[in-house]
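Asks: Pasting in a structure now, in structure tokens, and then I'll have a few things to ask.
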Amino acid sequence: MHWKKYILLFHSSFFILHSSFAQDITDPKKYDVIEKRIEMIAEENEDEEIDYTTLFDELSHAYDHPLNLSNAKKEDLQQLTLLTDIQIASLLEHIEKTGNLIAIYELQTIDGFDLAVIERILPFVKVSRDLTTPKVSFKEVLKNGSNELFIRHTRILEEQEGYSPIDDSTLAAKPNKRYLGSPDKLYARYRFKYSNNISFGITAEKDAGEQFLGSNQPYGFDFYSAHFYMRGFNNLKHLVVGDYLLQFGQGVTLWTSRAFGKSADVMNVKKNPMGIKPYTSVNENSINDLFLRGAAATYNIKGVEVTGFYSYNLLDATISELDTTTGEITGFSGGSSAGTHRTPGELDKKNSVGMNIYGGHAAYKGKKLEVGLTAAQLAYTADFQPDIRPYNQFRYSGNDLSRNLVLGLDYNYIFQNFNFFGEVARSENGGLAQLYGVLMTLDPKLSLSAIYRNYGRNYRYIAANALRESTAYNEEGIYLGMECKPFKHFTLSAYFDKFKFPWLKNQVDAPSDGVDYLGQLTFKPSKKLEIYLRFKQEIKELNTKDATDGIDYLEPTDKRNLRFNFTYKISDAIKLRNRVELVNYKRGANQNDDGFLVYQDVMYKAKNSPLSFTFRYGLFDTDSYDARVYAYENNVLYSFSVPAYYGKGMRTQLTLRYRVIKGVDVWLRWAQWYKKDSNTFGSGLEQINGNTKSEIKAQVKFKF
246 MHWKKYILLF
256 HSSFFILHSS
266 FAQDITDPKK
276 YDVIEKRIEM
286 IAEENEDEEI
296 DYTTLFDELS
306 HAYDHPLNLS
316 NAKKEDLQQL
326 TLLTDIQIAS
336 LLEHIEKTGN
346 LIAIYELQTI
356 DGFDLAVIER
366 ILPFVKVSRD
376 LTTPKVSFKE
386 VLKNGSNELF
396 IRHTRILEEQ
406 EGYSPIDDST
416 LAAKPNKRYL
426 GSPDKLYARY
436 RFKYSNNISF
446 GITAEKDAGE
456 QFLGSNQPYG
466 FDFYSAHFYM
476 RGFNNLKHLV
486 VGDYLLQFGQ
496 GVTLWTSRAF
506 GKSADVMNVK
516 KNPMGIKPYT
526 SVNENSINDL
536 FLRGAAATYN
546 IKGVEVTGFY
556 SYNLLDATIS
566 ELDTTTGEIT
576 GFSGGSSAGT
586 HRTPGELDKK
596 NSVGMNIYGG
606 HAAYKGKKLE
616 VGLTAAQLAY
626 TADFQPDIRP
636 YNQFRYSGND
646 LSRNLVLGLD
656 YNYIFQNFNF
666 FGEVARSENG
676 GLAQLYGVLM
686 TLDPKLSLSA
696 IYRNYGRNYR
706 YIAANALRES
716 TAYNEEGIYL
726 GMECKPFKHF
736 TLSAYFDKFK
746 FPWLKNQVDA
756 PSDGVDYLGQ
766 LTFKPSKKLE
776 IYLRFKQEIK
786 ELNTKDATDG
796 IDYLEPTDKR
806 NLRFNFTYKI
816 SDAIKLRNRV
826 ELVNYKRGAN
836 QNDDGFLVYQ
846 DVMYKAKNSP
856 LSFTFRYGLF
866 DTDSYDARVY
876 AYENNVLYSF
886 SVPAYYGKGM
896 RTQLTLRYRV
906 IKGVDVWLRW
916 AQWYKKDSNT
926 FGSGLEQING
936 NTKSEIKAQV
946 KFKF
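Numbering (the working numbering), first residue to last: 246 to 949.
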């Protein structure tokens, strides 16, 4: 060992103790760290329905079981999703040359690791001289495994149209005019986990409006999901039975889970595929948002990781053809993405078409070079008969749309401070899709990224989540990102994304293009204070709203957001967050809408107190839905909220958590919209006659 390490050890002893966090739910830092990470991702995706359970699970487990950097493997470091491959390569090379780490702040001597990076990973890693790995036995698994049980109830307090009284004759004539079930949304989840090696669990959900133990739901909940997963047993890298996800390459060929792209974390655009992962969310399957149900395994054969997978799952679909003799479904025109089964019409679509997905992946993973090959075959149990329009005619080219074979090649290469990566794929109809990128660390204070993508208009993916503006077909673009630290405590992040759509799109009746760019200046002089200023602009083209001659020519849209965010920790227990966001939306010559959102958050999380809470009071005023503003909200554990603020009104929410006894936690949440400019909320069966919409949520968690 080098003598310098002992000097570092002396200076870093405090930080070693600091990094050994108390592994308990009462640690207020835990959810601050995790929610900050999810908030950054969630607000850029601008989707109120994305379930971040899998991401939360991974970060929560990493926090509770910090990774020992002294004997961490490349795959373990990649799974953190907090380090670039350049940083990982530098760390492993440093350990190989100088021996195991002595202290966490020895990382400062490694290229690519400054204080900001170290602080980001600190909650999830440790440095320990104990390199022994406990022998996995049945007794060890039972002794040190953890059990968690969640039960959650959610309800809208105001009466919605779908639950209001209706006479029997009207309902008999129009059975889809009312929901079959109650307005209660129910969720239950049990999971057992041992380290990062073994996991099994079951999740169940009933959406509002669905029956529970009724004639249409004799098994109780509407949706069930279960899995058994194990990893890291000699040459058996991964094994899963039940529901799971697949991640390969850069998401061009096959990536069934959500993959997050452009955000203020501008260097986090390269994906780190984990191969096989258990599925723990409740997003029900649709033709465009898949999880797999079956079995998959990865085995190391002489340095090559070989994965095989098979899945058979059922989709909600719109039936277009029936066998008049047997009643068997022989054709469908599309899938339903809602995942709800509240009316007879929605139930008719439930689980109506089977979907087989099977294939394999082979990957060579060296210290600097990784190369992978992917093959995936899709086969429906009925003929896929989509509504072919001019904009999708090339994607749905081919003789048999009920089948699709996709082949792909991906690579990842580290050369000094450069990380080159990419993927190219081909679908059965001849469509091509490709992505090539590079991450560069030119200086400890300057990092750059560049990605070129070209997804053919006839590329027909099975499940793709590559970097994109719209979809993983009919798109070409180049992304440039920069992260610079010009002065102490200041970080400047920016990206520029220029894209075009060579063919028509839905509601865009001509080839079009656009640009999206973001700049953010962050000032963080201490752990207590963080201020950032962000500007974002996106310019696209859409069909005009003002066509008078029947021709939908294109007109430009221009949306600009300016945000000021201030976070200050008054004490170890109390944190304040203020935000002001202005938005301007223009479309053509006749639409020019403005809007703003301002809110105040108060968060109380004392380490030794059984009670914690978060409170928000927000005011908003936008001229239209086009000028809406998204903002992440604190919620109960494993529930996520990124509502869209539009119209004129007020938003308040209060979330309480109380630890009853060790291992038993209770959450209560109340949230309400109040709108001055409207006498109704929602539309159709979701409509509320009034200007308020209130939601209550209760959750209990048992850990044993």
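Where is the CB? At the ideal position from N, CA and C, for every residue including glycine.
Which runs of the beta strand (DSSP E) at least 3 residues long sit entirely within the region 553-621? Give them in chain order.
Replies: 562-567, 574-580, 598-610
Asks: Hey, quick one: how far does the alpha helix (DSSP H) through L336 stretch, first residue to last?
Replies: 330-343
Asks: Closest to Q944 by CA distance: which of E455, F746, W915, D922 is it?
Replies: Closest in alpha carbon position to Q944, among E455, F746, W915, D922, is W915.
Asks: Which complete beta strand (DSSP E) runs does the region 720-783 hold, if anything under 3 residues is left out?
Replies: 720-729, 735-746, 757-768
Asks: Going straight from the alpha carbon of V985 to that of S738, what length do you get?
Replies: Because the chain spans 246 through 949 in this model, residue 985 falls outside it and cannot be assessed.
Asks: Per DSSP, what kind of secondary structure is E389 in: helix, strand or coil?
Replies: At residue 389 the sequence reads Asn, which differs from the Glu that was named. Residue state for N389 is assigned as helix, using DSSP reduced to three classes.
Asks: In whole angstroms, give me the CA-to-CA distance for T271 and K769.
Replies: Any reading at T271 must be qualified, since the residue scores a pLDDT of 47, below 50, and its modelled position is unreliable; no value is offered.
Asks: By how many angstroms is the C-alpha of I659 removed from the C-alpha of G929?
Replies: 54 Å
Asks: Count the other CB atoms, across all protein chains shown, that sit within 10 Å of the CB of I819; report buried if there are 16 or more and exposed otherwise.
Replies: exposed
Asks: Once you ignore the five residues that flank Y718 on each side, which residues in its own chain have a CB closer than 6 Å to its CB?
Replies: R640, Y700, Y704
Asks: Identify which residue in K733, D758, D754 has its Cα closest to the Cα of K745.
Replies: D758
Asks: My understanding is that Y724 touches I696, with C-beta atoms under 8 Å, so please give their C-beta distance in whole angstroms.
Replies: Between I696 and Y724 the Cβ distance is about 4 Å, and since that is below 8 Å, they are a contact.
Asks: Confirm, please, whether the CB-CB distance from Q495 to M519 is below 7 Å.
Replies: In this structure, the beta-carbon distance from M519 to Q495 does not fall below 7 Å.
Asks: Looking only at its own chain, which residues have a Cβ that is under 8 Å from the Cβ of Q752, when we skip the five neighbours before and after it?
Replies: L787, N788
Asks: Threshold first: 3 residues or longer. Then list the beta strand (DSSP E) segments lying entirely within the region 445-517, N to C.
Replies: Counting only runs of 3 or more, we get 468-478, 481-492.
Asks: In the DSSP assignment, what are the bridge partners of V551?
Replies: Y544, A607
Asks: According to the neighbour-count rule (16 or more other Cβ atoms, all chains shown, within 10 Å of its Cβ), is L346 buried or exposed?
Replies: Burial call: buried.
Asks: Please report how far the alpha carbon of I933 lies from the alpha carbon of G407, in whole angstroms.
Replies: 9 Å
Asks: For T736 and T354, I'd like the C-alpha separation in whole angstroms.
Replies: In this structure, the alpha-carbon of T736 lies about 21 Å from that of T354.
Asks: Keeping to the same chain, check which residues put their C-beta closer than 6 Å to that of R397; ignore five residues upstream and five downstream.
Replies: Y432, Q944
Asks: Can you give me the C-alpha to C-alpha distance between L328 and Y813, rounded to a whole angstrom?
Replies: Distance between the alpha carbons of L328 and Y813: 26 Å.
Asks: Span of the alpha helix (DSSP H) holding S414?
Replies: 413-418
Asks: Excluding five sequence neighbours on each side, which residues of the same chain lie with their C-beta closer than 6 Å to the C-beta of E931?
Replies: Q405
Asks: With 16 other CB atoms within 10 Å as the buried threshold, where does Y798 fall?
Replies: exposed
Asks: Check whether the region 435-446 touches the region 387-402, counting contact only when three or more Cβ pairs, one atom from each stretch, lie closer than 8 Å.
Replies: Pairwise C-beta distances place the region 435-446 in contact with the region 387-402, as three or more of them are shorter than 8 Å.
Asks: Pull the bridge partners of Q405 from the DSSP assignment, please.
Replies: I933
Asks: Would T626 and V598 qualify as a contact pair, given that the criterion is a beta-carbon distance under 7 Å?
Replies: Yes, the Cβ-Cβ distance between T626 and V598 is below 7 Å.
Asks: Below 8 Å CB to CB, which residues in the same chain sit around R873 once its five sequence neighbours on both sides are set aside?
Replies: V828, G840, T867, A889, Y890, Y891
Asks: So what does DSSP say about L346, is it helix, strand or coil?
Replies: coil
Asks: For D922, which of helix, strand or coil comes out of DSSP?
Replies: coil
Asks: So, under 8 Å CB-CB, F468 and V527 are touching, yes? Tell me the CB distance rounded to an integer number of Å.
Replies: 6 Å
Asks: Does the beta-carbon of P523 have 16 or more other beta-carbons within 10 angstroms, so that it is buried, or is it exposed?
Replies: By the Cβ neighbour-count rule, P523 is buried, with 16 or more other Cβ atoms within 10 Å of its own.
Asks: Taking the alpha-carbon positions, what's the K942 to N880 distance?
Replies: 9 Å
Asks: Please state whether the Cβ-Cβ distance between Y777 and N810 is less than 7 Å.
Replies: yes
Asks: Determine the DSSP secondary structure at D803, reduced to helix, strand or coil.
Replies: strand
Asks: Could you tell me which residues DSSP pairs with K820 in its beta bridges?
Replies: K814, M848
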